[in-house]
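Here is the structure we will look at, set down as structure tokens.
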Amino acid sequence: MSGWILVGLLGLGPVVEAEEVEADGWTADEGELADEGEQGDEGEQVDEGELEDGGELGDEGDAESEGEPDAESSASPDATTPSDRATEPVPTPAPASDEIDLSQGIGGYHRPGEILEREPNDGYRNIVVGSILVPLGTIATVTSAAGVWLTVPAHCTERLAGLGVTIDDPSSCSGVFTFNVIRTTYGALMLASGAVILSIGLVQRQRYRKWRLEHGMRARLTPTLGPTRGGAAAGLRVRF
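The sequence shown runs contiguously to residue 249 in my numbering.
Below, the structure written as structure tokens:
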């Protein structure tokens, strides 16, 4: 009996120790779990408190952000400080259009919007026509006026006899007198029209010469004098 009890004790010994170890392990694990649970609960409580405080602070921060904009967010990259504005160069204002003198043009060109004056008529044709009508009208007027004076019916025979002209029928002087009157009127009209046309042509020529002096091409004569191998040479240089 004692042998079986010893064997049983020996066989149960490790089992008991194992159970004790396991029990100790379980108790240790449960304690650790209990400690961890308490710490976890406290951590959760702290976290919930912190979250509550953070939520309140976040709400207050949102309210403040809605009420007052953030300086960093409100500052734009293009914004300049007063010191930067002081260092910036002041732009030079453009000159007014009235201050620019464009009377002579720029670079040989005419002013913007300037209408060039067309070449006026030189009056050559009017001068030619007037020069023809004036002398013809003068001759016609003078000769016709003299014929009117000679062929007056009351003195026709006497005045023509003084010139060596014999008139057989004094009544024929009236026809010659009428012809001379018409010729005098024609000559006077020719003289007047020729004088008007000639004056118009002269005015046109004067205007044309003035325009040519201002806008036209002019020839300039320059005397030249230079040495040669055998002496000196003189001449004229023409420039347009």
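Even glycine gets a Cβ: it sits at the ideal position worked out from N, Cα and C.
Inset, instruction - Express the C-alpha separation of F188 and A170 in angstroms, rounding to a whole number. - result: 20 Å
Legend entry - DSSP three-state assignment for T233, whether helix, strand or coil: strand
Legend entry - Where L142 falls, given that 16 or more other Cβ within 10 Å makes a residue buried: buried
Legend entry - DSSP bridge partner residues for L244 (one or two, in chain order): Per the sequence shown, the amino acid found at residue 244 is Gly instead of Leu. T233, per the DSSP bridge assignment.
Inset, instruction - Go through its chain and collect everything with a Cβ distance to R246's Cβ below 6 Å, but skip five positions before and after it. - result: T231, T233
Inset, instruction - Have a look at M199 and L211 and give me their C-alpha separation to the nearest angstrom. - result: 18 Å
Legend entry - Proximity of T166 and A197 at Cβ, strictly below 8 Å: no
Inset, instruction - Please report how far the alpha carbon of A201 lies from the alpha carbon of I176, in whole angstroms. - result: 34 Å
Inset, instruction - Report all residues from its chain with a CB closer than 6 Å to the CB of S139; omit the five preceding and five following residues, and keep chain order. - result: The sequence as given places Gly at residue 139; Ser does not occur at that position. Hits under 6 Å: G203, I206, L207, G210.
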